[in-house]
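With the UniProt record's numbering applied, the sequence shown corresponds to residues 1 to 493, in that order.
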Amino acid sequence: MAEFQDKLSSAQDLNDVAVWYAEVAQLFLVAAMETLEGLAELRAARGALRFIRSAYTESDITVAISVDGALNGLVLLGLSYRTAFRLLQHMLGEELDSNLPISDFLQESELARSALQELANTLAGRAAMHLEAAGKVCMISPPQLTMRRGILLSHRDFQRLVIPLETPVGTLRLEIALMPGDTQGNGGCRDFFVAQHIVRPQQFIARYDFANPDRLGRSVYALLQQVHDRFPLTLNQLMTVRGRVGARLSPLRLEKDSCAHFLRREYDWSVAAFFQVVGHGVWVLALSRSIALLLIDRWLGGPGQMGERIATAWTPLEQAVLQAVMATVGDAYAIAWTQVTEQVTLRLTHVLTGDWTAQASTMLNEGSGALLLSHRIHIGEEVGVLQWLLPADTLLGFSERHRRTASRPSATPLARSVVVTLRCGWQSDPIPLRQLAQLKVGDLLPLHHPLVLWHDNRVIGTGKPFRKGNRIVVQVMPTGARSPLTPFGADGR
């Protein structure tokens, strides 16, 4: 607090602030502990207190309570996705199994949202009760439940007292950003409490560019959107050819954060593959375990049935087929990249069926930013999730190459249209293919000779020109015969 002493009139003011904070924080701390013990039978231990300054929510899930009256400001209770999932299991008294990421499960499950909302309402009710008992008349608005980090709460950073609550299911963060509501007294102390200009939680604004990883430019995101527009097609094509099964992907959902934060999420729902991107770094693919099992069964000639597996129960045959499945997804992704930018090579290095976050932490720079690109994947009636975790530093070079090669024709085997170089002409009078569309009145053509098309010094088609209405039409018929003639004419497309 020494850095704020210049705002206080005396050491007595500083002492008054500390006493005020301790009194107010104790009321909300007791309310939070009573809520956890009453709803989930969890005892919480207080961690080390600290101050932070931020305008955004810092946790995956945040309960925001607005306070007016004798106290003004916000009280926040933050949880990670992993802690929220374990808390929900503890409250229900049963294990929850999902083939979706915890973030998706918590956002889509009515049961999960109801349980978290009950937690928020109980916390607000107990806080109001303790404030009234302490003689502080306040109006507490209904708590707001937000899912996702980076929700904008204020137009400028404001100070919060952070109190960690250690429980058997994980750590919760109680954050207090309050100041005295009365206008009399406290003198310079009011400048110490900088939670002014609070925007009510109901009016939160999603911060799309939260912790923009390594300052990636717009061209990178445009490139990724183009890649993932093509990825569903290339994946479906390869899956059909190699596994005789169709795969359908939903539109892309993109998240930005640090590698460390993404790796703190729960990935028990998935199997993972690590790909070395030649010349760039490591990309990680996560696929729902239920989808992986279905594809393995189909790969082995079965009807596509799923079975239960735990992390250590995969047979050598299943692991070999799983490696082929993940390699197929990687190949489809590489083809999608190649259709948009230069040739991209993904080399499969590891396939993991258990908790892969520890392995990933040794291969990725946790301090750098990352992008998490997610699709819902549909195989028949089964629905799962396919995710790519791309460290931001592996994407920095792609935008410039994309601008240089944006006009390069796509000629990959699974391209929607393949562009090839052809030569054309007549035996007696050559003409560049590109000039056919530029003919003018008065130009002479030897229409009594057949039109010949060459590709790689080989005749691939011939056709006899004829009149059709007001147009001259040439119906070119393919041929496999080689021509003794030397190709002539300019290169054309």
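Glycine is no exception: its CB is placed at the ideal position from the N, C-alpha and C atoms.
All values derive from a computational prediction rather than experimental measurement.
- Rounded to whole angstroms, the separation of the alpha carbons of residue 174 and residue 128 is 16 angstroms.
- Across the structure, residue 280 and residue 93 are spaced so that their CA atoms are roughly 46 angstroms apart.
- Bridge partners of residue 283 according to DSSP: 275.
- Unbroken beta strand (DSSP E) stretches of 3 residues or longer found wholly inside the UniProt domain "Chemotaxis phosphatase CheX-like" (61–165): 61–69, 71–79, 138–140 and 144–147, given in chain order.
- Taking C-alpha positions only, residue 57 is separated from residue 80 by approximately 12 angstroms.
- For the pair of segments examined, the segment 160–176 was found to touch the segment 25–41: the number of CB pairs separated by less than 8 angstroms reaches three.
- If only uninterrupted alpha helix (DSSP H) runs of at least 4 residues are considered, those enclosed by the segment 218–262 are 218–243.
- In the three-state reduction of the DSSP assignment, residue 328 falls in the helix class.
- The alpha-carbon of residue 348 is positioned some 8 angstroms away from that of residue 330.
- Bridge pairing for residue 359: absent [DSSP].
- In this structure, residue 285 sits away from residue 356, with a CB-CB distance that is not shorter than 7 angstroms.
- In this structure, DSSP gives residue 382 an extended state, which the three-state scheme calls strand.
- Under the Cβ criterion (8 angstroms, minimum of three pairs), the segment 376–394 counts as touching the segment 99–112.
- Using a Cβ distance threshold of 7 angstroms, residue 73 and residue 139 do not count as a contacting pair.
- Out of 105, 397, 20 and 34, the CA that lies nearest to the CA of residue 223 is found in 397.
- For residue 90 against residue 42, the beta-carbon gap comes to about 7 angstroms, under 8 angstroms, which counts as contact.
- For the pair residue 474 and residue 453, the CB atoms are not nearer than the 7 angstroms cut-off.
- Of the candidates 71, 38 and 392, the residue whose Cα lies closest to the Cα of residue 256 is 392.
- The alpha-carbon of residue 249 is positioned some 18 angstroms away from that of residue 298.
- Setting aside the 5 residues that flank it on each side, residue 360 is surrounded in the same chain by 263 and 284, each with a C-beta closer than 7 angstroms to its C-beta; the list follows chain order.
- For residue 54, the enclosing beta strand (DSSP E) begins and ends at 50–54.
- Taking the C-beta atoms as reference points, residue 254 is found no nearer than 7 angstroms to residue 292.
- Rounded to whole angstroms, the separation of the alpha carbons of residue 148 and residue 339 is 33 angstroms.
- Beta-bridge partners of residue 474 (DSSP): 465.
- For a cut-off of 8 angstroms, the C-beta gap from residue 59 to residue 78 is around 3 angstroms, short enough to register as a contact.
- Here residue 369 is buried, its C-beta having at least 16 other C-beta atoms within 10 Å.
- Using a Cβ distance threshold of 7 angstroms, residue 220 and residue 353 do not count as a contacting pair.
- A residue is called buried once 16 or more other Cβ atoms fall within 10 Å of its Cβ, and residue 232 is buried on that count.
- The alpha-carbon separation between residue 269 and residue 258 amounts to approximately 21 angstroms.
- Secondary-structure assignment with DSSP links residue 387 through a beta bridge to 286 and 374.
- Taking all protein chains shown into account, residue 362 has fewer than 16 neighbouring C-beta atoms within 10 Å of its C-beta and is therefore exposed.
- The shortest CA-to-CA distance from residue 45 to any of 54, 247, 380 and 34 is the one to 34.
- A straight-line Cα-Cα distance of about 14 angstroms links residue 296 and residue 351.
- The continuous beta strand (DSSP E) containing residue 175 extends over residues 170–180.
- For residue 350, the enclosing beta strand (DSSP E) begins and ends at 346–352.
- The alpha-carbon of residue 162 is positioned some 49 angstroms away from that of residue 239.
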